[in-house]
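**Student:** Mind having a look at this structure? Questions to follow.
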Amino acid sequence: MKEHIKSIFLVVLVILNFILGSKVLSTEKLWSANGYNFFVNVSNNPLSEFFRKIKSGLYEVSPVETHLEAPELIIINTGYQTSRHALLSSDKEFETLLDLSRTFLNSALSRTQQFISVPKEDFYTALTAKSIYLRYPVEYDAGLFTHLSGGSRTDFSGIFSQLQNIVISSDGYVYIEDSSTGIIYSCYTSLDTSALNEIIDSHNVGIETGNPVINYAFDLGFDKSFATQKTVLSPMIPIYSEGFEVETISVARQLSITDETYRETTISNILPLFNMNPNSLRRYTEVDGTLVFVENNATLKVSPSGCLEYIAKDDGIMLSNSNFSSSYDSVAACADFVDSINRAAKSDSVMQLSSNITASELLDNSFTITLDYIANGRPVKLGLENNEPAVSVTLTNNRMTSYKHNLRSFSVKDEIVPVENYIFALDNAISQFQSQITDIEIRELNIIYEEKLTENILIPRWNVSVKEIIID
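All residue numbers for the sequence shown refer to this note's numbering, where the first residue is 1159 and numbers rise by one.
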């Protein structure tokens, strides 16, 4: 018995030894005086990657890459308008349904020759029957979306090029709207739909549960203009019959000057990620309190508000120890780099893409991707000038030449506040432009959190996204 306990104890010690060793390899970095970066040589080998994933799990950081192709909203259509059910990423059932949806999506996207164009009415019919609707935060290049979702590389020429709205029907059909043309494409997957139908049927409980009735804009004809009303809604906007009660959230700004010790420790962990040697760089402080770190080939700034900004003076940073096989790989590598910054700051924030990515952009020698935070399943609008995103990454020839990251971490509070009825929110949105416009198309109307830099509590509110405004 004693020998058995000793064996278990030794195994635990060995595992802890490997975990602690991985921390040294992937966080502390090993530098020499001549600027040799040991991390570049070891961080990308399989063993280090394995330990990095272990460490990510220990810090409970949600990897950015896992959210790159996650929808912002899933609606379960039961076949009855009175019992549709909406899921956000913060809901328990979201990941289960997303994993199941990916099975159908990857099956369909691997057989592009079987996609056919169908009337838009077929798309709407699927939404009024038993199905799953997935609404994504941005318009994706079809090849990039397939790559990020783990599907096989596929040629999408001749069919859809951009996607954002997807429907999976209870009989195994996948409907995809080409965002660039509005054309609907359909593909039969022939997969077993029993698990999908079981989830859908479990939500067919009717209106008596107290959940608001959900209609799509096309259900109510709000996607069509009339003689006296030129404001139209995008057909897929969900319209809720009642208001909401939503939790507030608190925000922490990791690199603000309020905690100097934590700030210095975090910065020391971040510098090596930009291939900056603490032993050879030059450091100074600007008048406004911004810390500046300078090496021959790059500058890194840390503002008092918690903004991290890197600018390369030459070719930038290679985010992998080998050339990327495609621009799709470089987008995933950007997400992995954002993860490394979040880990260094001990941030458990969830992020999603906030910039549309087209095939033409991916073919350019230089392109920029942006990401924004989501908290409690809802988008977060930071209190920055010009609606600046949380993260902006520029790649030139598959090397990172600039990086800007407004570090934040969010926590859901116990306080619950009411959010007004959808129709009131719509009226308020229209009134904002009433004196200036004749025609307006509302692309999205959703609940977000908005940050004010002078406050640490974020209150939910309605946000309107306008696709086109025509000025009188």
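Cβ coordinates follow ideal geometry from the N, Cα and C atoms, glycine included.
On the three-state DSSP scale, how would you describe E1422?
**Tutor:** Helix at E1422.
**Student:** Are L1263 and I1324 closer than 8 Å when you measure CB to CB?
**Tutor:** It is a contact, given that the beta carbons lie within the stated cut-off.
**Student:** For I1334, which residues in the same chain have their Cβ closer than 6 Å to its Cβ, ignoring the five residues on either side in sequence?
**Tutor:** Hits under 6 Å: F1318, L1321, I1324 and Y1343.
**Student:** Secondary structure at L1542, three-state DSSP: helix, strand or coil?
**Tutor:** Coil, per DSSP.
**Student:** Can the beta-carbon of I1407 be found closer than 8 Å to that of F1568?
**Tutor:** Yes, the Cβ-Cβ distance between I1407 and F1568 is below 8 Å.
**Student:** Tell me the rounded alpha-carbon separation between S1337 and H1305.
**Tutor:** Using only the alpha carbons, I get a separation of about 18 Å.
**Student:** Have a look at S1488 and R1601 and give me their C-alpha separation to the nearest angstrom.
**Tutor:** Computed Cα separation, rounded: 30 Å.
**Student:** Taking the C-alpha atoms as reference points, what is the distance between P1547 and Y1607?
**Tutor:** So the alpha carbons of these two residues sit roughly 14 Å apart.
**Student:** Give the single residue among K1625, K1571, L1603 and I1234 whose Cα lies nearest to the Cα of I1617.
**Tutor:** Minimum Cα distance to I1617 is reached at K1571.
**Student:** Can you list, in chain order, the residues of its chain with a C-beta nearer than 6 Å to that of E1573? Leave out the 5 residues immediately preceding and following it.
**Tutor:** The answer, listed in chain order, is T1406.
**Student:** Closer than 7 Å by C-beta to E1609: which residues in its own chain qualify, once you throw out the five before and the five after it? Chain order, please.
**Tutor:** Closer than 7 Å at the Cβ level, and outside the excluded window around E1609, lie V1409, V1538, K1539, L1540, G1541 and L1616.
**Student:** So, at 7 Å on beta carbons, what are the nonlocal neighbours of N1523 in its own chain, with the 5 sequence-adjacent residues on each side left out?
**Tutor:** Closer than 7 Å at Cβ, skipping near neighbours: T1554 and N1555.
**Student:** Is T1236 near the ligand FAD, going by C-beta to nearest heavy atom under 7 Å?
**Tutor:** The model depicted lacks the ligand FAD and carries no ligand whatsoever.
**Student:** For T1339, count the other beta carbons within 10 Å of its own beta carbon; 16 or more makes it buried, fewer makes it exposed. Which is it?
**Tutor:** By the 10 Å Cβ count, T1339 comes out exposed.
**Student:** May I have the straight-line CA-CA distance separating Y1194 from R1421, to the nearest angstrom?
**Tutor:** Residue placement at Y1194 is flagged as unreliable, the pLDDT there being 41, under the threshold of 50; a coordinate-derived value is accordingly withheld.
**Student:** Provide the residue span of the beta strand (DSSP E) that contains L1553, from first to last.
**Tutor:** V1549 to T1554 is the span of the beta strand (DSSP E), which, as asked, contains L1553.
**Student:** Would you check if the region 1280-1291 and the region 1234-1252 touch, i.e. whether three or more CB-CB distances between them fall below 8 Å?
**Tutor:** Verdict: yes, contact present.
**Student:** Restricting to Cα atoms, I'd like to know which of Y1580, K1388 and D1417 is closest to E1403.
**Tutor:** Considering only alpha carbons, the answer is Y1580.
**Student:** Can you give me the Cβ contacts of E1519 inside the same chain, cut-off strictly under 6 Å, excluding the 5 residues immediately before and after it?
**Tutor:** Excluding residues within five positions, the ones whose Cβ falls inside 6 Å are F1525.
**Student:** In or out: Y1374 buried (at least 16 other Cβ within 10 Å) or exposed?
**Tutor:** Burial call: buried.
**Student:** Whose CA, out of P1295, S1275 and L1245, lies closest to the CA of I1358?
**Tutor:** That would be L1245, whose Cα lies nearest to the Cα of I1358.
**Student:** Can you give me the C-alpha to C-alpha distance between P1393 and G1316, rounded to a whole angstrom?
**Tutor:** Between P1393 and G1316, the C-alpha separation is close to 25 Å.
**Student:** What number of angstroms, rounded off, separates the C-alpha of S1623 from the C-alpha of P1436?
**Tutor:** Taking the straight line joining both Cα atoms gives about 44 Å.
**Student:** Could you have a look at F1432 and say whether DSSP puts it in helix, strand or coil?
**Tutor:** If DSSP states are grouped into helix, strand and coil, F1432 belongs with the helices.
**Student:** DSSP three-state label for T1528, please.
**Tutor:** If DSSP states are grouped into helix, strand and coil, T1528 belongs with the strands.
**Student:** I think P1462 touches T1448, with their Cβ atoms under 8 Å apart; what is that distance to the nearest whole Å?
**Tutor:** With a Cβ gap of about 7 Å, P1462 and T1448 count as contacting.
**Student:** Have a look at N1203 and T1351 and give me their C-alpha separation to the nearest angstrom.
**Tutor:** Bear in mind that a pLDDT of 46 at N1203, under 50, signals an unreliable position, so the model cannot answer this.
**Student:** Would L1529 and V1508 be called neighbours here (beta carbons separated by less than 8 Å)?
**Tutor:** In this structure, V1508 does not lie closer than 8 Å to L1529 by Cβ.
**Student:** Using only the alpha-carbon positions, how far apart do S1327 and V1276 sit?
**Tutor:** Near 14 Å, if we compare the C-alpha coordinates of V1276 and S1327.
**Student:** Where does L1466 sit, in a helix, a strand or coil, going by DSSP?
**Tutor:** Strand.
**Student:** What are the residues that DSSP puts in a beta bridge with M1509?
**Tutor:** Y1531.
**Student:** For A1502, which residues of its own chain have a beta-carbon under 8 Å away from its beta-carbon, when the five flanking residues on both sides are left out?
**Tutor:** Cβ within range, chain order: T1185, T1424, N1427, I1428 and L1431.
**Student:** So, helix, strand or coil for S1289, using DSSP?
**Tutor:** Strand at S1289.
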